[in-house]
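Student: Mind looking over this structure? Questions follow.
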Amino acid sequence: MTGLSASLANTIILADGAGNQRLIINSSGQASIGSGMSTPSGYKLFVADGILTEKVKVALKSSGDWADHVFAKNYKLIPLNEVEAFIKNNKHLPGIASADELVKDGGIDMNQMFAKQMEKIEELTLYIIEQNKKIEKLETLVQKLKN
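If you want our numbering, it's the position in the sequence shown, counting the first as 1, plus 367.
Have a look at this one:
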């Protein structure tokens with residue numbers, strides 16, 4: 368590897384005909400596709416200008432990384448009036464990062480966000496079940512009052 372600096376030793380670089388680096392794989396196994404940025408610490412792949420794919424599968428390390436805890440008997444739903452107050456004050460859902468926080472933190476961890484979205488979907492389902500029970504009780508009461 369003559370002509371390369373010591374920092375590029377054991378690095379694979381693919382370039383176009385004009386000498387622009389298009390793919391770099393460093394000695395730590397980090398890869399960068401495109402130009403303008405190297406792979407950030409803690410990550411193995413950076414792609415400039417985005418990725419187009421037909422399918423992405425994100426693995427979970429354990430079932431504890433998912434939102435099924437919402438269905439546990441001891442799970443406490445936040446009363447809807449408290450959720451409403453939180454949204455009015457904070458302009459986002461409880462337990463979900465705000466847009467400003469996501470920008471500050473450098474983006475979204477898809478595993479965490481999918482799990483949080485699932486948690487909110489499961490909570491919504493529990494709220495709907497709760498409301499349906501109240502509606503059924505009210506319908507029964509209305510029928511009794513009519514008779």
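The C-beta atom is built at its ideal place from N, Cα and C for all residues, glycine as well.
Take every Cβ of the segment 452-462, pair it with every Cβ of the segment 400-410, and state whether three or more of those distances are shorter than 8 Å.
Tutor: No, because fewer than three Cβ pairs between the segment 452-462 and the segment 400-410 fall closer than 8 Å, the two stretches do not touch.
Student: Drop a sphere of 10 angstroms on the beta-carbon of Ile-391, count the other beta-carbons inside from all chains shown, and report buried for 16 or more, exposed for fewer.
Tutor: Counting from one through the sequence shown, the residue named residue 391 turns up at place 24. Buried, by the Cβ-count rule.
Student: Apart from the five residues on each side of it in sequence, which residues of its chain come closer than 6 Å, Cβ to Cβ, to Ser-405?
Tutor: Walking along the sequence shown from the start, residue 405 turns up at place 38. Here the set comprises Ser-399.
Student: So is Glu-497 buried or exposed if we call it buried at 16+ other beta carbons inside 10 Å?
Tutor: The residue you call residue 497 lines up with position 130 of the sequence shown. Looking at its Cβ environment, which holds fewer than 16 other Cβ atoms inside 10 Å, Glu-497 is exposed.
Student: Kindly indicate which three-state DSSP category Ala-434 falls into: helix, strand or coil?
Tutor: By one-based count along the sequence shown, residue 434 stands at place 67. Coil.
Student: With a cut-off of 8 Å on the beta carbons, I'd call Lys-443 and Ile-463 a contact; round off their distance for me.
Tutor: Translated into the one-based positions of the sequence shown, residue 443 becomes position 76. Translated into the one-based positions of the sequence shown, residue 463 becomes position 96. Lys-443 to Ile-463, Cβ: 17 Å. No contact.
Student: Curious, which full-length beta strand (DSSP E) runs of at least 3 residues does the segment 377-405 contain?
Tutor: For the segment 377-405, the continuous beta strand (DSSP E) assignments of 3+ residues that do not extend past its boundaries occur at 379-382, 388-392, 398-400, in sequence order.
Student: Taking 8 Å as the threshold (C-beta atoms), are Gly-431 and Lys-411 in contact?
Tutor: Reading the sequence shown from its first residue, position 44 is the one you call residue 411. Reading the sequence shown from its first residue, position 64 is the one you call residue 431. For Lys-411 and Gly-431, no; Cβs fall outside 8 Å.
Student: Is it the case that the segment 421-435 contacts the segment 474-494, given that we only count it when at least three CB pairs across the two stretches are under 8 Å?
Tutor: yes
Student: Restricting to Cα atoms, I'd like to know which of Phe-438, Ser-394, Lys-428 is closest to Glu-490.
Tutor: For this step, residue 490 is matched to residue 123 along the sequence shown. Between Glu-490 and the set Phe-438, Ser-394, Lys-428, the nearest pair of CA atoms involves Phe-438.
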